[in-house]
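Chemist: Here it is, the structure in full.
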Amino acid sequence: EPEVTQTPSHQVTQMGQEVILRCVPISNHLYFYWYRQILGQKVEFLVSFYNNEISEKSEIFDDQFSVERPDGSNFTLKIRSTKLEDSAMYFCASTPGYSYNSPLHFGNGTRLTVT
Amino acid sequence: AQKVTQAQTEISVVEKEDVTLDCVYETRDTTYYLFWYKQPPSGELVFLIRRNSFDEQNEISGRYSWNFQKSTSSFNFTITASQVVDSAVYFCALKVSGTYKYIFGTGTRLKVLA
Chain A
6 EPEVTQTPSH QVTQMGQEVI LRCVPISNHL YFYWYRQILG QKVEFLVSFY NNEISEKSEI
66 FDDQFSVERP DGSNFTLKIR STKLEDSAMY FCASTPGYSY NSPLHFGNGT RLTVT
Chain B
784 AQKVTQAQTE ISVVEKEDVT LDCVYETRDT TYYLFWYKQP PSGELVFLIR RNSFDEQNEI
844 SGRYSWNFQK STSSFNFTIT ASQVVDSAVY FCALKVSGTY KYIFGTGTRL KVLA
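Chains as they are written, first to last, in the numbering used here: chain A, 6 to 120; chain B, 784 to 897.
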């Protein structure tokens, strides 16, 4: 069964550094998402992306965050200047988009640790 | 605004017991979709079931069943004859038609004891 893949599985970075989290969504999916989960807490929506532009974003997704689909397969989340509070598990997800009730298909996540 | 509430923070049951996880949602929209996800200790998020607001019947799938009550805005999830492998955090999620965002509840940690 096709799956969403995320790399790396664990990223450690120093405060103030830029970090890029990478995702390869399922190949025929059209809608892409980033969610984050601070340890043991709720799964929080960051951003959705369709047709090469942001379709919706949360208040968490401020100017420090950006997303990009640089080619036909990758979907990236960039944090420009990381803060300690950015430490979390970041999940990429995708949906086919042909129906509103499609479930999110999640990757296994990237654990980001900011020191 | 939309909201999902999972009031049960943690539930412990003994293996083979039935367990029901509660989910209450808020939305003013008439067309919406509800989901349950499982997050085992390994950390991935696994889709379990979904429900459309306009579906009439509740369903059973193997050991899983769900009870959708529009009158009380609840979407409860039951595991029959629980097993140790069911131990996980379970999240309820809501998506409103015409939007892109899936809103998750805070999760319920289920511990199934042998």
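Glycine is no exception: its CB is placed at the ideal position from the N, C-alpha and C atoms.
1) With 7 Å as the limit, tell me which residues of the region 785 to 812 of chain B have their beta carbon closer than that to any beta carbon of chain A; keep them in chain order.
2) Under 8 Å between the Cβ atoms of B/Leu877 and B/Gln789?
3) For A/Leu122 and A/Leu82, what's the separation of their Cα atoms in angstroms?
4) Is there a C-beta anywhere in chain B that falls below 8 Å from the one on A/Cys105?
5) Who are the near neighbours of A/Ser14 in its chain, counting only those whose CB is closer than 8 Å to its CB and skipping five residues on each side?
6) Would you please state the rounded distance, in angstroms, between the beta carbons of A/Val29 and A/His110? I believe it to be under 8 Å.
7) A/Met20 to A/Tyr40, Cα distance in whole Å?
8) Per DSSP, B/Thr788 is paired with what?
9) Take A/Ile84 as the anchor and find which of A/Lys62, A/Cys97, A/Gln22 and A/Ser53 has the nearest alpha-carbon.
10) For chain B, is any of its Cβ atoms less than 8 Å away from the one on A/Glu61?
11) Quick one: Cα of B/Arg834 to Cα of B/Tyr816, how far?
12) Would you tell me roughly how many angstroms separate the C-alpha atoms of B/Leu804 and B/Phe851, rounded to the nearest one?
13) Return helix, strand or coil for A/Glu58, following the three-state DSSP convention.
14) Under 8 Å, do B/Ser854 and B/Asp812 count as touching if we go by C-beta distance?
15) If we call anything under 8 Å between Cβ atoms a contact, is B/Glu809 one with B/Ser856?
16) Which residue comes first and which comes last in the beta strand (DSSP E) that contains B/Lys878?
17) Run down chain A in chain order and give the residues with a C-beta less than 7 Å from the C-beta of B/Glu842.
18) Starting from the C-beta of B/Phe887, find all residues in its chain whose C-beta is less than 6 Å away, skip the five residues before and the five after it, and write them out in chain order.
19) Is B/Ser880 close to chain A? Criterion is C-beta to C-beta, closer than 8 Å.
20) Could you work out which residue in A/Ile31, A/Ala93, A/Val72 and A/Asp91 is closest to A/Thr100 when comparing CA atoms only?
21) By DSSP's criteria, B/Leu896 is part of a beta bridge. Which residues make up the other side?
22) Consult DSSP for A/Leu35 and reduce its assignment to one of helix, strand or coil.
Modeler: Straight from the coordinates:
1) If the cut-off is 7 Å between Cβ atoms, the region 785 to 812 of chain B has nothing near chain A.
2) No.
3) Nothing in the structure corresponds to residue 122 of chain A, since chain A is present only between 6 and 120.
4) Just to set this straight, residue 105 of chain A is Tyr in the shown sequence, not Cys. By this cut-off, A/Tyr105 is an interface position.
5) Scanning its chain for C-beta atoms nearer than 8 Å, with the 5 sequence neighbours on each side dropped, one finds around A/Ser14 the residues Asn113, Gly114, Thr115 and Arg116, in chain order.
6) Between A/Val29 and A/His110 a beta carbon distance of about 12 Å is seen, past the 8 Å cut, so the two are scored as non-contacting.
7) About 21 Å.
8) B/Thr788 is bridged to B/Val807.
9) Taking each of A/Lys62, A/Cys97, A/Gln22 and A/Ser53 in turn and checking the Cα distance to A/Ile84, the smallest one comes out for A/Gln22.
10) It does: the Cβ of A/Glu61 has a partner Cβ on chain B nearer than 8 Å.
11) Using only the alpha carbons, I get a separation of about 6 Å.
12) About 12 Å.
13) For A/Glu58, the secondary structure class from DSSP, reduced to helix, strand or coil, is strand.
14) No, they are not a contact pair.
15) The Cβ atoms of B/Glu809 and B/Ser856 sit closer than 8 Å to each other.
16) Run containing B/Lys878: Ala871 to Val879, per the beta strand (DSSP E) assignment.
17) Neighbours of B/Glu842 on chain A: none; closest Cβ ~14 Å, over 7 Å.
18) Excluding the 5 residues flanking it on each side, B/Phe887 has same chain C-beta neighbours closer than 6 Å at Phe874 and Ala876, in chain order.
19) Cβ-Cβ to chain A under 8 Å: yes for B/Ser880.
20) In this structure, A/Ile31 is the residue among A/Ile31, A/Ala93, A/Val72 and A/Asp91 with its C-alpha nearest to the C-alpha of A/Thr100.
21) Partner(s): B/Val797.
22) A/Leu35: coil per DSSP, three-state reduction.
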